[in-house]
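K.L.:
I have a structure I would like to understand better, so I am pasting it below and will then ask my questions one at a time.
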Amino acid sequence: MVGTMARQVLLFVYLLSLSSVRGQVSYSIPEEMPKGSLVGNIAQDLGLDLKRLKSGKARIYTGDSAEYIELNKERGVLLIKERIDREALCRQTMPCALHFQIILENPMELFRVTIEITDINDNSPVFEKSEIKFRISESAVIGSKFALERAMDPDVGVNDLQSYALSPKENFSLKIKNQPDGTKLIEMVLQTALDREKLDEISLILTAVDGGDPKLSGTAQIYVTVLDVNDNAPIFSLPLYKSTVNENALKGTILGQVSASDADRDGNGDIIYSITNTMDNVRDIFDVNANNGEIMVRGQIDFEKARHYEIHIQATDEGGLTDSCKMLVDVLDVNDNIPSVNVLSMSKTIIENSKPGTVVAMLNIQDPDSEQNGQITCSINDNLPLALKSASDNFYSLVTDTDLDRESESGYNISIMCSDEGSPSLSSSVTLTLQISDVNDNAPVFERSSYEASISENNTPGLSLFRVKARDADWNQNARVSFILQDSSVNGVSVSCYVSVSADTGVIHAVRSYDYEQIKDFNFRV
């Protein structure tokens, strides 16, 4: 094949013909299975034989996510490649699942696989602080409530944290409120009047228990220092605050300010603000100014990881009395992700007599941004014998659109350009090279339709008379031309007794010495 065409191709971004997506299968496995454990017989479940897995170069495609599963083509099964920690993979999201595709070639096919990861009770409830300290006035009225820090348990469902217990119970009881977001508000309620002169220090144990079998638990030590008179608890001006923030907000960006007041004077009216969330990394991402209640960005905000946050804020006075409120934060998407073009499978060559609709490449296009920022448009150059076909979601196939002719174009450089609809728009590209292999679809063509030559009689046998030339537009062996004489006779004698032709060069030789008196001219065909 002679050179590769320099024509640039812009693809229109969605690629994978509907006929290429063959089916899907789902499995369910517990987390923490050892490496090499069997997930399922994928060949059997998809109706594929082992020969097809091998000949089709079957492989797993996971996109940008980590590979926890591997395909054993010899056995046709899926195995655990890396230990799966459900809590690290999905946090509190239910159900937790791995999604990937199995790609085969010749012909190209795609199968979708979903593996649900079920929870096991492998985490005990844990309090972030092993010690909790309160300073409570001896004048605190019976029924006064003191918010306690919730325990964390990354397990889900029945294995998640289910109950709390407080001991001893002489001075305080435990009150638990279910919140709309599914969390629990834990409060310590004063049961009996305090008397600092009789008891100035109280020690309690807070226990958190999950619902697994066997049950796992965690504890925190509570120390109460009894103080002199503090009549009033802090009161927030609003029970609920709302704010929005861009996902690329810099550290220190102020989201808003919460405000609580305390009717007490002097030290008893001083308020300290704190964030009490124990899940979803809220305290890693947001902070509160302990003195003025300003809520600010502390860590990295990523819209693609979390679109909403609920911040629990507590106001505590010097006497240990508290009030709480919430701030709901909506994260605004910023167009910060470039479209990703992933080539799942690509045929480097294709024969020129391939039928229109033949799959050349399978691609996956991803942009984790939302709405317009995640809407992608792709294109390829015009005037190509190729087209993009959408399968579903973000999978596409690049197929032949018309007949191919190697003699007109021996190859194509296909540049796939993908742009999102954000402002400003972000784009990326990938270039594919496709060579057209030859089919013997052209007959040799002589440079001239007839040749003439003259020769003096009594010539020497073997004398070169002239040369015929022919060309073939095909390539390599298909373009190699051989010359032979067509059977005919001259004066009743085979033409091969008069002339011969070199099969490789086309040179015509006299076989004998000619006698003008016997033959003056003759015709033959090559």
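Numbering (mature numbering (1 follows the signal peptide of the UniProt record, and there is no 0)), first residue to last: -23 to -1, 1 to 503.
Cβ coordinates follow ideal geometry from the N, Cα and C atoms, glycine included.
Computed from a prediction, not measured in an experiment: that's the story for all the values here.
(1) Identify whether residue -3 lies in helix, strand or coil by the three-state DSSP scheme.
(2) Can you find the residues in the same chain that come closer than 8 Å, C-beta to C-beta, to residue 489, ignoring five residues on each side of it along the sequence?
(3) Can you tell me whether residue 495 is buried or exposed? The criterion is at least 16 other CB atoms within 10 Å of its CB, across all chains shown.
(4) Based on the DSSP secondary-structure assignment, which residues constitute the bridge partners of residue 299?
(5) Does the distance from the CB of residue 238 to the CB of residue 167 come in under 8 Å?
(6) Tell me whether residue 139 sits in a helix, a strand or coil according to DSSP, three-state version.
(7) I need the DSSP call for residue 388, collapsed to helix, strand or coil.
(8) My assumption, with CB atoms under 8 Å, is that residue 290 sits in contact with residue 203. Please give the rounded CB distance.
(9) Residue 115: which of 178, 416 and 332 sits nearest, CA to CA?
(10) Going by beta-carbon coordinates alone, are residue 186 and residue 139 separated by less than 8 Å?
(11) Say whether the segment 394 to 408 touches the segment 334 to 351, bearing in mind that this needs 3 or more beta-carbon pairs closer than 8 Å, one atom from each stretch.
(12) Using CA coordinates, which residue listed in 261, 294 and 280 is at the minimum distance from residue 250?
(13) Are residue 127 and residue 160 closer than 8 Å when you measure CB to CB?
(14) Among 350, 352 and 378, which residue has its Cα nearest to the Cα of residue 359?
(15) Determine the direct distance from the alpha carbon of residue 375 to that of residue 382, and round the result to whole angstroms.
(16) For the segment 464 to 472 against the segment 426 to 441, are there 3 or more C-beta pairs whose distance is under 8 Å?
(17) Return the residue from the list 30, 453 and 65 that minimises the CA-CA distance to residue 49.
(18) Suppose you measure from the CA of residue 369 to the CA of residue 354; what does that come to, to the nearest Å?
(19) Is it a yes or a no for the segment 9 to 27 touching the segment 46 to 64, going by three-plus beta-carbon pairs under 8 Å?
(20) If you scan the segment 142 to 228 from start to end, which runs of the alpha helix (DSSP H) of 4 or more residues do you find wholly inside it?
(21) Just the Cα atoms here: how many angstroms apart are residue 409 and residue 318?
(22) Got a sec? Which residues, its chain only, sit under 6 Å from residue 315 by beta carbon, not counting five neighbours each side?
(23) What is the DSSP secondary structure of residue 119, counted as helix, strand or coil?
(24) Below 8 Å, can you find three or more Cβ-Cβ pairs linking the segment 93 to 112 to the segment 7 to 21?
(25) Whose C-beta lies closer than 7 Å to the C-beta of residue 413 among residues of the same chain, with five residues either side of it excluded?
(26) Hey, which unbroken runs of the alpha helix (DSSP H) at 4 residues or more fall wholly within the segment 16 to 89?
(27) Is it buried or exposed, residue 497, if we count other Cβ atoms within 10 angstroms and call 16 or more buried?
(28) Can you tell me whether residue 487 is helix, strand or coil according to DSSP?
(29) Looking at the secondary structure, which residues open and close the alpha helix (DSSP H) in which residue 259 lies?
(30) For the beta strand (DSSP E) containing residue 271, list its first residue and its last residue.
(31) Residue range of the alpha helix (DSSP H) that residue 349 falls in?
(32) What's the call for residue -4, buried or exposed, on a 16-neighbour Cβ count within 10 Å?
(33) Can you tell which of 423, 322 and 63 has its C-alpha closest to the C-alpha of residue 458?
(34) Cβ of residue 501 versus every heavy atom of the ligand PLP: is any distance shorter than 7 Å?
(35) Below 8 Å on the Cβ atoms is my contact criterion, and I expect residue 213 with residue 302 to pass it. Report the Cβ-Cβ distance as a whole number of Å.
(36) In chain order, what are the residue ranges of uninterrupted beta strand (DSSP E) at least 3 long that sit wholly in the segment 384 to 456?
P.N.:
This is what the structure gives:
(1) Working through the sequence shown from its first residue, we reach residue -3 at position 21. Confidence is the limiting factor: at residue -3 the pLDDT is only 47, short of 50, which leaves the residue's position unreliable, though a coordinate-based value still follows. Here residue -3 sits in strand by DSSP.
(2) Within the sequence shown, the letter at position 512 stands for residue 489. Taken in chain order, the residues that qualify are 438, 474 and 475.
(3) For this step, residue 495 is matched to residue 518 along the sequence shown. Only exposed fits residue 495, as fewer than 16 other CB atoms lie within 10 angstroms of its CB.
(4) Here residue 299 refers to the residue found at position 322 of the sequence shown. Beta-bridge pairing links residue 299 to 293.
(5) Translated into positions along the sequence shown, residue 238 becomes position 261. Translated into positions along the sequence shown, residue 167 becomes position 190. Cβ atoms of residue 238 and residue 167: not closer than 8 Å.
(6) The residue you call residue 139 lines up with position 162 of the sequence shown. Three-state DSSP puts residue 139 in a strand.
(7) For the purposes of this step, residue 388 is taken as residue 411 along the sequence shown, with counting starting at 1. Residue state, collapsed to three classes: strand.
(8) Taking the first residue of the sequence shown as 1, we reach residue 290 at position 313. Taking the first residue of the sequence shown as 1, we reach residue 203 at position 226. Separation of the CB atoms of residue 290 and residue 203 is rounded to 26 Å, and the pair is thereby denied contact status at 8 Å.
(9) For the purposes of this step, residue 115 is taken as residue 138 along the sequence shown, with counting starting at 1. With distances taken between Cα atoms, residue 115 lies closest to 178.
(10) Position 209 of the sequence shown, counted from the first residue, corresponds to residue 186. Position 162 of the sequence shown, counted from the first residue, corresponds to residue 139. Contact: yes.
(11) Taking a cut-off of 8 Å on C-beta distances, the segment 394 to 408 touches the segment 334 to 351, as three or more cross pairs fall below it.
(12) Numbered from its first residue, the sequence shown carries residue 250 at position 273. Minimum Cα distance to residue 250 is reached at 294.
(13) Residue numbering aside, residue 127 sits at position 150 when the sequence shown is read from its first letter. Residue numbering aside, residue 160 sits at position 183 when the sequence shown is read from its first letter. Yes, the Cβ-Cβ distance between residue 127 and residue 160 is below 8 Å.
(14) For the purposes of this step, residue 359 is taken as the residue at position 382 of the sequence shown. Residue 359 has its Cα closest to that of 378, out of 350, 352 and 378.
(15) The count along the sequence shown starts at 1 and reaches residue 382 at position 405. The count along the sequence shown starts at 1 and reaches residue 375 at position 398. Distance between the alpha carbons of residue 382 and residue 375: 18 Å.
(16) Contact between the segment 464 to 472 and the segment 426 to 441 is absent, with fewer than three C-beta pairs closer than 8 Å.
(17) As a working note, residue 49 is residue 72 in the sequence shown. Nearest of 30, 453 and 65 to residue 49, Cα basis: 30.
(18) Here residue 369 refers to the residue found at position 392 of the sequence shown. Here residue 354 refers to the residue found at position 377 of the sequence shown. A direct Cα-to-Cα measurement between residue 369 and residue 354 gives close to 15 Å.
(19) Touching, yes.
(20) Listed in chain order, there is nothing to give.
(21) In the sequence shown, counting from the first residue as 1, residue 409 sits at position 432. In the sequence shown, counting from the first residue as 1, residue 318 sits at position 341. Each residue's alpha carbon lies about 11 Å from the other.
(22) For the purposes of this step, residue 315 is taken as the residue at position 338 of the sequence shown. Same-chain partners within the cutoff: 403 and 405.
(23) Reading the sequence shown from its first residue, position 142 is the one you call residue 119. In the structure shown, the three-state DSSP call for residue 119 is coil.
(24) Verdict: yes, contact present.
(25) For the purposes of this step, residue 413 is taken as residue 436 along the sequence shown, with counting starting at 1. Excluding positions up to five away in sequence, the list reads 327, 329, 381, 383, 386, 387 and 388.
(26) Restricted to the segment 16 to 89, the alpha helix (DSSP H) segments that are unbroken, complete and at least 4 residues in length are 19 to 23, 27 to 32 and 63 to 67, listed in chain order.
(27) The residue labelled residue 497 in the question sits at position 520 within the sequence shown. By the Cβ-count criterion, residue 497 is exposed, with fewer than 16 other Cβ atoms from all chains shown falling within 10 Å of its own Cβ.
(28) Here the question's residue 487 lines up with position 510 in the sequence shown. DSSP places residue 487 in strand when its eight states are reduced to three.
(29) Taking the first residue of the sequence shown as 1, we reach residue 259 at position 282. Segment 259 to 262, the alpha helix (DSSP H) holding residue 259.
(30) Numbered from its first residue, the sequence shown carries residue 271 at position 294. Per DSSP, residue 271 is one residue of the beta strand (DSSP E) stretching across 271 to 274.
(31) For the purposes of this step, residue 349 is identified with residue 372 of the sequence shown, where counting begins at 1. Where residue 349 is concerned, the enclosing alpha helix (DSSP H) stretches over 348 to 351.
(32) Taking the sequence shown and counting its residues from 1, the one referred to as residue -4 is at position 20. Because residue -4 carries a pLDDT of 44, less than 50, the predicted location of this residue cannot be relied on, and no value is offered for it.
(33) Walking along the sequence shown from the start, residue 458 turns up at place 481. For residue 458, the nearest C-alpha among the options comes from 423.
(34) Of ligands this structure carries none, so the ligand PLP is not represented either.
(35) Residue mapping note: residue 213 aligns to position 236 of the sequence shown, counting from 1. Residue mapping note: residue 302 aligns to position 325 of the sequence shown, counting from 1. About 4 Å; that satisfies the 8 Å criterion.
(36) Runs found: 388 to 397, 404 to 414 and 441 to 444.
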